[in-house]
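All remarks here apply to the structure that follows.
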Amino acid sequence: MRKTDILIAAILLIGAFAQGQNRQLLYDFNEIPQSLMVNPGVDVDFKWYTGIPLTNISFQAGSSGIAANDVFADDGLDFTEKFTREIIYGMSTADELSGNFQIEYLNVGFRGKNEDNFYSLGIYTEGDAIGYWFRDLAILGFEGNGDNLNQRFDLSDLKTRGELLNVFHIGLNKRISNKLTIGVRAKVYSSIFDFNSTRNKGYFVTNEGVNNFYSSTLDSDMEWRISGLPALRDAERDGTIASTITKRAFFGGNLGLGVDLGFTYNINDQTVFTASLLDLGFINHSNDVKRYSLKGKATVEGVEVILPDALSDPDQDFWDELIDEVEELIPFEESDDSYIMFRPTKLNASLRYNWGEQMATGANCDCGPYASSSNKGTRYANSVGGHLYAVNRPRGPQTALSVFYQRRIGSVLALKTSYTVDKFSFTNIGLGLNLQAGPVNFYVLADNLLGYQNLANSNYQSFQFGLNIISWGKK
Amino acid sequence: MGKKLCYFLFGLLILVSLQSCVEELNFDQFDDLQIEPVLEGSILYVEAPESIINRAVAANFYTQDFNFDGFSDAFFADRVIDGVVTYLVENTTSKDLNITVEFIDDGGNVLDTEFFTITPAPPVEPVLREIPYGGTGRSLDILRNTSAIRVTAENVNGDTSSTSSLPDPKVTIKSSGKFTLSVK
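Keeping their order, the protein sequence lines are chains Y and D. Numbering of the first sequence is given in this note's numbering, commencing with residue 186 and proceeding in unit increments. Numbering of the second sequence is given in this note's numbering, commencing with residue -12 and proceeding in unit increments.
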């Protein structure tokens, strides 16, 4: 297997077991600098921070229709029967296999001369993929049309997209007042590769024929678009795969622009509302693009010979004419035309209520940015709230609803647990831990802990961890 | 009390997470997966009106070889495990007819022959015949090596003057195939 195939397979595999990009544990966990990445308007109190390169990694894995144990359990049952029951017919077109991972190379933030302004910038690699279960096409491939006469196999069941890209970002978090903090982050996307096929239409059906036994009709409006992959294949052949990936990751591929927006609003001293809109942007794929399309409609009833017309040319090749006619009616075409892909935009919103003992944070000093201007040097020991997440996907928005509880223990330890309901799970309990040892910040967030009882039977797992150095200024 | 409860809950969650395990899976089962779709479709349709039969000088009024690469295509030939070819011959003419369908290879050799004796109409007596291939049926190599189909129609009595009382008199040959392929 070639390296590019492995790379693509890895992305698809991530897609095959990964959920979305919901980071309900990280969201508004403002002890962690990376919370700025899910809400540029989060309430931060750092003087500066820097992420340790390559240590901040997030990975999410899940599937909405099936778990590995459903099919691969060593239970002695006939595998083909299990496969048919659990996958071919067990999954619906609403079941998705999707996922996301991010690896940070650079993430730094610092407070400006105007202490109400906090700047951050960085670089990370992101992989994102989604594939909906192509049920009708799978049934057609698995069973054929023979025992499915008059059944329309819907070509729109094929919906998938995936990408690997580098993201360069710079953001501003600005405290407008004691009540309101807003944030904006500009992003430049450098696409390494992209594939998508999301707007397919049409059907294949076999009916009783007019002249012959059966008529087979293909009405197709399908397109498959890729960018970057041809270059990676060539690079693999030439032994330059690493340099090609690096080049494409650093502005040598296809570029795009995006923006993140967010805010934190203190409704009162103890109640906080936040929201963010992430990856509102696009990538223009004009470099190393291939588009393959199959558009048209044709109905055939085999080779048809009707006399006396067919006698006019004794050398007439009816088979070739049939093939040519079908290819003319449904041409398979290839082009290099550019295309634009919008990024999967994410929406977050949360409502949090704080109570209990007021805990000191690193910023609770005489010289910190908020030492004399606000009460931001302290935080309540307890927080409880709800979080809404939505992401636009090829079949429409995908949402998740979480409730969370956060407990701060001194300025050293903060714990957060969440319960999330989405299409993947109704038993998703997550736990996050943030440890502040002097300037060293370590965090680990894990989702769906009950799934760890048997990972093979879990529809969803996620894991995120990282190391940062944080300063709140001189004491 | 609240703090203790909180610590207890977090401790419990951590313990749960530490208890992670993976039930034994057997991915080798994938080797046992059998994907055997059944494909069905029309093959050849020939239609000859009675007027053509009446105009023919010879009794053998029609012979034609049709190029047909559907069976010898690698995707089909390498995967077919069994199947049935179905014929339906309908005659609404006033003629006794003999119809022959032959499968021909690249060298022009006849691999398989199907012969139909058709009585004149009325009454119309369609002849339906199913020919199995593979298993206990005829050899699949016949299909794999077929590159053309030859159809021959003979006016048995040489009657070129009678006309059927049925509307639009003609002889039609329908054929279809239903094959099981082993994709995996």
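Just so you know, even glycine gets a beta-carbon here, dropped at the ideal spot from N, CA and C. Note that this is a predicted model, so its numbers are computed, not measured.
Sequence-distant Cβ neighbours of F103 of chain D in its own chain, meaning closer than 6 angstroms and more than five residues away, are V76, I86, V114. If only uninterrupted beta strand (DSSP E) runs of at least 3 residues are considered, those enclosed by the stretch 487 to 547 of chain Y are 488 to 491, 517 to 520, 524 to 527, 531 to 545. Counting only the Cα atoms, V588 of chain Y lies some 30 angstroms from A371 of chain Y. Under a criterion of Cβ atoms nearer than 9 angstroms, no residue of chain D is adjacent to W233 of chain Y; the nearest Cβ is some 30 angstroms distant.
Bridge partners of K601 of chain Y according to DSSP: Y:Q591, Y:G617. Pairing G347 of chain Y with S412 of chain Y, the inter-Cα distance amounts to about 11 angstroms. Rounded to whole angstroms, the gap between the alpha carbons of D464 of chain Y and N397 of chain Y is 54 angstroms. Proximity of the stretch 390 to 409 of chain Y to the stretch 361 to 379 of chain Y falls short of the contact definition, fewer than three beta-carbon pairs being nearer than 8 angstroms. Within the stretch 502 to 517 of chain Y, the residues whose Cβ lies closer than 9 angstroms to any Cβ of chain D are, in chain order, D502, F503, W504, D505, I508.
In the three-state reduction of the DSSP assignment, E216 of chain Y falls in the coil class, being assigned neither a helical nor a strand state. The criterion of a C-beta distance shorter than 8 angstroms is satisfied by D69 of chain D and Y120 of chain D. Close CB contacts of R593 of chain Y within its chain, under the 7 angstroms cut and outside five residues either way in sequence, are with M544, R564, A566, A599 (chain order). Taken through DSSP and simplified to helix, strand or coil, T429 of chain Y comes out as helix. Taking W504 of chain Y as the centre and dropping the five residues before and after it, the same chain places the C-beta of V488 closer than 8 angstroms to its C-beta, in chain order. Taking a C-beta cut-off of 7 angstroms against chain D, the contacting residues of the stretch 480 to 504 of chain Y are E486, G487, V488, E489, V490, I491, L492, P493, D502, F503, W504, listed in chain order. By the neighbour-count criterion, in which a residue is buried when 16 or more other Cβ atoms sit within 10 angstroms of its Cβ, D632 of chain Y is buried. At a beta-carbon threshold of 7 angstroms, none of the residues of chain Y lie near K82 of chain D; the nearest stands roughly 14 angstroms away. Counting C-beta atoms within 10 angstroms of its own C-beta, L84 of chain D has 16 or more neighbours from the protein chains shown and is therefore classed as buried. The same chain holds no residue with a CB closer than 6 angstroms to that of S362 of chain Y once the five nearest residues on each side in sequence are set aside. Close partners of E328 of chain Y in chain D (Cβ separation under 8 angstroms): P24, V25.
According to DSSP, A585 of chain Y shares a beta bridge with Y:Y574, Y:D607.
Bridge pairing for G441 of chain Y: Y:Y374, Y:I468 [DSSP].
Below the 9 angstroms Cβ cutoff, chain D contributes E27, G28, S29, S163 as neighbours of Y399 of chain Y, in chain order. The C-beta of A45 of chain D has fewer than 16 other C-beta atoms within 10 Å across all chains shown, which makes the residue exposed.
In the three-state reduction of the DSSP assignment, K171 of chain D falls in the coil class, being assigned neither a helical nor a strand state. For L12 of chain D, the residues of chain Y that pass the 8 angstroms Cβ criterion are A253, N254, F257, A258, D259, A641, in the order they occur in the chain. Residue contact check for T431 of chain Y against chain D: no CB pair falls below 8 angstroms. Scanning its chain for C-beta atoms nearer than 6 angstroms, with the 5 sequence neighbours on each side dropped, one finds around E518 of chain Y the residues S478, in chain order. Taking 4 residues as the shortest admissible run, the stretch 13 to 82 of chain D contains the following complete alpha helix (DSSP H) segments, listed from N- to C-terminal end: 37 to 42, 61 to 64. The C-beta distance from D445 of chain Y to V569 of chain Y rounds to 26 angstroms, too long to meet the 8 angstroms contact threshold.
Within chain Y, no residue has its beta carbon less than 7 angstroms from that of T79 of chain D; the closest one is some 14 angstroms off. Here D339 of chain Y is bridged, per DSSP, to Y:Y388.
Per DSSP, the beta-bridge partners of W233 of chain Y are Y:F295, Y:S656. Nearest C-alpha to L586 of chain Y among Y:I508, Y:I355, Y:S603: Y:S603.
Distance from the CA atom of Y304 of chain Y to the CA atom of F378 of chain Y, rounded to whole angstroms, is 30 angstroms. Chain Y has no Cβ within less than 8 angstroms of the Cβ of F102 of chain D.
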